[in-house]
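Just so you know, the protein sequences line up as chains B and S, in that order.
Each number in our numbering comes from the position in the first sequence (counting from 1) with 137 added on.
Each number in our numbering comes from the position in the second sequence (counting from 1) with 1216 added on.
Ideal Cβ placement from N, Cα and C applies to all residues, glycine included.
The model shown is predicted, which means the values in this text are computed figures rather than measured ones.
Reading through the structure tokens given below for one structure.
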Amino acid sequence: MTGPAIQVENIAYSYGDLQAVKGISFDVQPGEILGFLGPNGAGKSTTIKMLTGQMSPKSGVARILGRDITKDDPEVQAQIGVCFEEKNLYLNMSALENLDFYASLFGIKDPDSMEVLRRVGLAERAKDRVHSFSKGMRQRMMISRAFINKPKVLFLDEPTDGLDPVTSAQIRATIKEEAERGAAVLLTTHDMFEADELSDRVAFINDGEIVALDTADNLKLKYGTRSVKVRLRDGDSVREEHIALEGDGSSARLAELAASPNLMTIHTEEATLENIFIELTGRGLAG
Amino acid sequence: MSFGLTWKVLRKDLALGPRSPFFLYAIILPFVLTLVLQFAFGSLFSPQPRLGIVDEGSSAITAQVEGMDGIDLTLLEDTEELRTQVEANDLDAGLILPAGFDAAVKAGDKPDLQFFIGGESLASNRIILSVTAIDLVRELEGGSALVAVDVVDFGEAGLPISVRLVPVIVFYALVMAGIFVPGSSLVEEKENGTLMAMLVTPVKSSNVLAAKWILGTVFAAVMAFVTLGLNQALGANWLDVFVVVLIAGALSSMIGVTIGVFAKDSTVLFATVKGLGIFLFAPTIFYIFPDWPQWIAKIFPLYWIIEPIWQVSIMGESISSVWLELTVAVGITLALVPAVVWLARKMQAQMAAQ
């Protein structure tokens, strides 16, 4: 198949009078990670639920691997992997039994569940029941379950939410491997660092609308400030100076400060994705 | 609908079943109820009188005792062995019928008859066996009874209460295995989100519901069958009985799936079953109180499965005698299918909105 793995045109959804998703459009190419960045209630999960067939869009068209998602097509379902925000595993089954069961639903006869568990660092606990797992281990199980059918399209809803930095880093590395394998990844998160680190492109979603969609670098370039912050010793205190990189005389002033014996540090003042989000929406990502 | 996927979901449910308290409860409950009710009203702890006979001449008395349901007969070859078993209380009484005994009695010779009584045997069993032995000899002699006994029944005529309670025990087996097991399994999947996790794979809700229904049907049928066996109510027509309990399981399980699809969580599930409790239980009361107008029982859906079980297993009727009841039961089962489909659509929308 050529063309986007996920193609969304003007899809909308409302819960009664509340319009959760207001006609958004985007696409995700094979091997690309699209970060869906937005605060809670922005419409990220609703979008994933529509794209995974859990609910039908009230309007608009969405295609997964070229097929209309409203057609309830088992062949499309066989090609997707979903990692839910809620940890919905069979707690009374072992890690291996969980993966083998889901693999069987995809028609995989000899699943390599142990290899998948090895990738997420759970091979040694393969035969333990999931109820004995920590929060981080359960999340790794969720990720491994999403990968069991080697999906062409991956939907990951807040895959590292509430996890410790080490587990988060492990999960991010695994997501990158999946994209390198060729999977199209739609990643929802309200963690700007995660979106920045993983995503090839980032979509900002707020109140059910996409307010910006581009690579993280382009967004920073477009909405950020090109300046540096210089810290200088000034007697017993520390003085800060912000120097815009555009404009007359900035290079000379920077060279002058760089030569100063009082120079302590020089930092670029690149905008973070959160800064840009606030600038565009007037609200933070955590809300 | 893919039968392969339904089978995979069912296989998972069967594997998870023994790890669920409901499943275990459904297995244990009929055993416990049988034990309790038989202890209270039945003959579980008062076994039949045990008679041993050493028959040295093919007496007609032996053949007569063999035909009696109420006596546990043991035939022995050796007089000493009979004596030993009676002394050890392995038998309540022992009878030695010498060769030519029948001919001697018929000729009016009044031959000797040795009758051993175990010292530890129950008084009621001794009386039953003694009187039975005397009656049989008199019958053999061809004489008439010395007195005419006028038997006056006190209490309700008809079947003993221990038999009339069998539908109650079977009802509980059907409710636990057929209604609670599939219903709670479905609700648990909803609460834990595992149902949604299945529905984003090639599995459809129809696969999941069919698997739960089959699970409940088979489990309820087996438990009802076992319960009837425990209560010695299988009769000779056990194949007919199995067909009847299979249909009973199918209806119970369909009710269980309907409640499971309807209930959004365990609280609603329990409240619904409790709310429906008397409505479901009502027909069994009419077997305990046979004087009540029996037509009222027909108002309740489970009458149409309890009555065929009663007729075929307990009363020993053939399956053809309950075709109307079974047809109605199958009809109710099929009528619930559209309701389940409609509720399933609502359920999926509710789950997605959470």
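- Setting aside the 5 residues that flank it on each side, Ser-250 (chain B) is surrounded in the same chain by Leu-233, Leu-236, Asp-237, each with a C-beta closer than 6 Å to its C-beta; the list follows chain order.
- Buried is the label assigned to Asp-1318 (chain S), since at least 16 other Cβ atoms lie within 10 Å of its Cβ.
- The contact set of Pro-211 (chain B) on chain S, defined by CB atoms closer than 7 Å, consists of Pro-1418 in chain order.
- Across the structure, Asp-333 (chain B) and Glu-407 (chain B) are spaced so that their CA atoms are roughly 13 Å apart.
- Note: Gln-156 (chain B) is bridge-paired with B:Ser-151 in the DSSP secondary-structure output.
- The residues Phe-284, Leu-291, Val-322, in chain order, have a CB closer than 7 Å to that of Glu-315 (chain B) in the same chain once the five nearest residues on each side in sequence are set aside.
- For a cut-off of 8 Å, the C-beta gap from Asp-1229 (chain S) to Leu-1431 (chain S) is around 5 Å, short enough to register as a contact.
- In the three-state DSSP reduction, Gly-1472 (chain S) falls in the helix class (H, G or I).
- Counting the other Cβ atoms within 10 Å of the Cβ of Gln-307 (chain B) gives 16 or more, which makes it buried.
- For Val-219 (chain B), the closest Cβ of chain S is nearer than 7 Å.
- Counted as a single uninterrupted DSSP element, the alpha helix (DSSP H) harbouring Ser-1340 (chain S) occupies residues 1339-1357.
- By the neighbour-count definition (other C-beta atoms within 10 Å, threshold 16), Asp-294 (chain B) is a buried residue.
- In terms of Cβ geometry, Glu-212 (chain B) and Met-329 (chain B) do not form a close pair [threshold 7 Å].
- By the neighbour-count criterion, in which a residue is buried when 16 or more other Cβ atoms sit within 10 angstroms of its Cβ, His-327 (chain B) is buried.
- Listed along chain S, no residue sits closer than 8 Å to Ala-149 (chain B) by beta-carbon distance, the nearest being about 15 Å off.
- Under the 10 Å beta carbon count, Lys-357 (chain B) is surrounded by 16 or more other beta carbons and is classified as buried.
- In this structure, Thr-189 (chain B) sits away from Val-158 (chain B), with a CB-CB distance that is not shorter than 7 Å.
- Secondary structure in the region 1273-1329 of chain S: the alpha helix (DSSP H) runs of 4 residues or longer, each lying completely within the stretch, are 1276-1282, 1295-1303, 1317-1322 in chain order.
- According to the DSSP assignment, Asp-1229 (chain S) belongs to the alpha helix (DSSP H) that extends over 1219-1232.
- Uninterrupted alpha helix (DSSP H) stretches at least 4 residues long and entirely within the region 169-214 of chain B occur at 181-188, 211-214, given in chain order.
- In summary, Thr-1500 (chain S) is buried, with 16 or more beta-carbon neighbours lying within 10 Å of its beta-carbon over all protein chains present.
- Residue-level contact by beta carbon holds for Asn-1408 (chain S) and chain B, with a gap shorter than 7 Å.
- In the DSSP assignment, Thr-1500 (chain S) falls within the unbroken alpha helix (DSSP H) covering 1482-1504.
- Here Gln-144 (chain B) is bridged, per DSSP, to B:Asp-164, B:Arg-200.
- Judged by their CB atoms, Val-1438 (chain S) and Ile-1525 (chain S) are not nearer to each other than the 7 Å cut-off.
- For Val-219 (chain B), the beta-bridge partners assigned by DSSP are B:Phe-292.
- Burial check for Glu-1336 (chain S): the Cβ neighbour count within 10 Å stays below 16, so the residue is exposed.
- Measuring C-alpha to C-alpha distances from Pro-167 (chain B) to each of B:Lys-208, B:Ile-161, B:Leu-202, B:Leu-226 identifies B:Leu-202 as the nearest.
- Checking the DSSP bridge columns, you'll see Ile-1269 (chain S) partnered with S:Leu-1291, S:Leu-1311.
- Looking at the backbone, the Cα of Val-1460 (chain S) and that of Phe-173 (chain B) are separated by about 57 Å.
- Residue burial annotation: Val-165 (chain B) is buried, with at least 16 other C-beta atoms found within 10 angstroms of its C-beta.
- Taking the C-beta atoms as reference points, Ile-1530 (chain S) is found no nearer than 7 Å to Asp-1456 (chain S).
- Nearest C-alpha to Gly-1310 (chain S) among S:Asp-1285, S:Ile-1344, S:Leu-1253, S:Gly-1451: S:Ile-1344.
- Asp-1271 (chain S) counts as buried, since at least 16 other C-beta atoms from the protein chains shown sit within 10 angstroms of its C-beta.
- Residue-level contact check: Lys-1480 (chain S) does not touch chain B, since none of the beta carbons of chain B fall below 7 Å from its beta carbon.
- Neighbourhood of Ser-241 (chain B) in chain S, by CB distance below 7 Å: Lys-1224, in chain order.
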